[in-house]
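Trainee: Just so you know, the sequence shown maps onto residues -5 to 293 in the numbering used here.
All residues carry an ideal CB built from backbone N, CA and C; glycine is no exception.
Please read these numbers as outputs of a predicted model, since none were measured by experiment.
Below: one structure in structure tokens.
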Amino acid sequence: MKALTINGKGKIGDFVFNLINYSFFTAFTIACIYPFYYLFINTISDNGLVQRGLITFIPKGIHLTNYIALAEVNELGTSFLVTISRTVIGTVLMVGVSAFAGYLVTRKEMQNRKFWYRFLIITMYFDAGLIPWYLNMSMLGLTNNFLGYIIPGIVAPFNVILVKTYIESIPVELEESAFIDGAGYLTVFRHIIWPLSKPILATIAVFGAVGHWNSFMDSLILMQGSPHLQTVQHRLYNYLNQASNLDAIMSRSGAVKDVLDSKVIKYTISMVTIIPILVVYPFMQRYFERGIMLGAVKG
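Here it is as structure tokens:
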């Protein structure tokens, strides 16, 4: 007996499976997206309706005054500048060092190559703890110092592993031909390895940028004496704990006609800190997917 088909293209079982599969992932996608959508519509809707919890799916009384008022809080602009600076500088340095370190440990000519590679990996399995880390940072003069955001994250062992694995998938003949033509290691790295490694470099760049942008603990612990060096996440933490005080500041600014409550403030601040990553990530996603797969082919 011939198997039953639908429009002659597939079995009923396949149709049912696809229907369930697509339904599940559609529901899962909606469940992931809805919290961000909920935050956004509550920041642009009438504040009185938000306070009463009447905004769930459709925004009402649309306005942008919450964002305008938040922009008038002086400390927030400084925190954004600090966070953007650490994200850009920290990510660029991390990607550059990880790429070059990953390339070096693939070269058999490197003296004690296996030792240094294993020494790098073993740091992933041991953590001295918060207090020793703080004491070490203090002795190095990295407390209340912008470099405290940058230096500790320049060398990322996991990213070095990803880059090394990816580089090993590049045909060695490309390097050998360059060496025959008289190119040095830096020339080979700059003109061959770097361009061919863009997918994995974009992948670790996403890791680094998200990590720097969302970083909170280092700012909370290291920058206690330097409020002007606090990150957006640290400032968000302070604002969420002092929402009533911020309410008064934003209301006095005159940008908001009706009085804000802590719920509206929390929603607005949370949305402001999320937007940059939501904007950047889609442009890096295709490199991210390709790089993370290729970088994990070998062990």
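Using three-state DSSP, classify lysine 5 as helix, strand or coil.
Mentor: Note: lysine 5 maps to strand in three-state DSSP.
Trainee: Excluding five sequence neighbours on each side, which residues of the same chain lie with their C-beta closer than 6 Å to the C-beta of threonine 262?
Mentor: Within the same chain, threonine 262 has close Cβ partners Thr37, Asn60 and Leu64.
Trainee: Are the CB atoms of isoleucine 6 and isoleucine 83 nearer to each other than 8 Å?
Mentor: For isoleucine 6 and isoleucine 83, no; Cβs fall outside 8 Å.
Trainee: One question on the structure: do glycine 96 and lysine 158 come within less than 8 Å of each other, judged by their Cβ atoms?
Mentor: Cβ distance < 8 Å, so glycine 96 and lysine 158 count as in contact.
Trainee: Grouping DSSP H, G and I as helix and E and B as strand, with all else coil, what is asparagine 12?
Mentor: Residue state, collapsed to three classes: helix.
Trainee: Can you check whether the CB of glutamate 167 is closer than 8 Å to the CB of valine 182?
Mentor: Not in contact: valine 182 and glutamate 167 (Cβ atoms no closer than 8 Å).
Trainee: Serine 39 and isoleucine 56 - do their beta-carbons sit closer together than 8 Å?
Mentor: Yes, Cβ-Cβ distance for isoleucine 56 and serine 39 is below 8 Å.
Trainee: Taking contact to mean 3 or more Cβ pairs, one atom from each stretch, closer than 8 Å, check whether the stretch 190 to 204 and the stretch 145 to 165 are in contact.
Mentor: Result yes; three or more Cβ-Cβ pairs closer than 8 Å.
Trainee: Taking the Cβ atom as the reference point for each residue, do methionine 217 and glutamine 224 lie within a distance shorter than 8 Å?
Mentor: Contact: yes.
Trainee: Could you tell me the boundaries of the alpha helix (DSSP H) in which serine 220 lies?
Mentor: Counting along the chain, serine 220 falls outside any alpha helix (DSSP H), and DSSP gives it neither H nor E.
Trainee: Applying the criterion that 16 or more other CB atoms from any shown protein chain within 10 Å of the CB defines a buried residue, is asparagine 41 buried or exposed?
Mentor: That one is buried.
Trainee: Just verifying my parser: in three-state terms, what is the DSSP assignment at valine 99?
Mentor: Three-state DSSP puts valine 99 in coil, outside helix and strand.
Trainee: Verify whether the separation of the beta carbon atoms of isoleucine 187 and serine 92 is less than 8 Å.
Mentor: Not a contact, by the Cβ cut-off of 8 Å.
Trainee: From glycine 248 to isoleucine 116, what distance separates their C-alpha atoms?
Mentor: Low per-residue confidence applies at glycine 248: pLDDT is 49, beneath 50, and the placement is therefore not dependable enough to give any value.
Trainee: Does the beta-carbon of phenylalanine 201 have 16 or more other beta-carbons within 10 angstroms, so that it is buried, or is it exposed?
Mentor: Buried is the call here.
Trainee: Measuring alpha carbon to alpha carbon, tell me which of Leu134, Leu58 and Phe94 ends up nearest isoleucine 155.
Mentor: Minimum Cα distance to isoleucine 155 is reached at Phe94.
Trainee: Suppose the cutoff is 8 Å on Cβ atoms and the five residues either side in sequence are ignored; what does the same chain contact list for serine 213 look like?
Mentor: Answer for serine 213: Tyr143, Leu223, Gln224, Thr225, Gln227 and His228, listed in chain order.
Trainee: May I have the straight-line CA-CA distance separating phenylalanine 11 from isoleucine 49, to the nearest angstrom?
Mentor: When rounded, the distance between both Cα atoms is 36 Å.
Trainee: For asparagine 138, which residues of its own chain have a beta-carbon under 8 Å away from its beta-carbon, when the five flanking residues on both sides are left out?
Mentor: Counting only Cβ-Cβ distances below 8 Å, and skipping sequence neighbours, we find Leu216, Met217, Gln218, Gly219, Ser220 and Leu223.
Trainee: Starting from tyrosine 128, trace the alpha helix (DSSP H) in both directions and tell me its first and last residue.
Mentor: Counting along the chain, the alpha helix (DSSP H) containing tyrosine 128 begins and ends at 124 to 133.
Trainee: Within 10 angstroms of the Cβ of leucine 180, are there 16 or more other Cβ atoms? Answer buried if so, exposed if not.
Mentor: Exposed, since its Cβ has fewer than 16 Cβ neighbours within 10 Å.
Trainee: For leucine 230, is the classification buried or exposed, using 16 other Cβ atoms within 10 angstroms of its Cβ as the cut-off for buried?
Mentor: It counts as buried.
Trainee: With a 10 Å radius around its C-beta and 16 neighbouring C-beta atoms as the bar for buried, classify threonine 77 as buried or exposed.
Mentor: Its Cβ being crowded by 16 or more others within 10 Å, threonine 77 is buried.
Trainee: Is it buried or exposed, valine 273, if we count other Cβ atoms within 10 angstroms and call 16 or more buried?
Mentor: Valine 273 comes out exposed.
Trainee: Grab the span of the alpha helix (DSSP H) containing asparagine 208 for me, first residue to last.
Mentor: That run of the alpha helix (DSSP H) goes 192 to 208.
Trainee: Report the three-state DSSP secondary structure of tyrosine 61 (helix, strand or coil).
Mentor: If DSSP states are grouped into helix, strand and coil, tyrosine 61 belongs with the helices.
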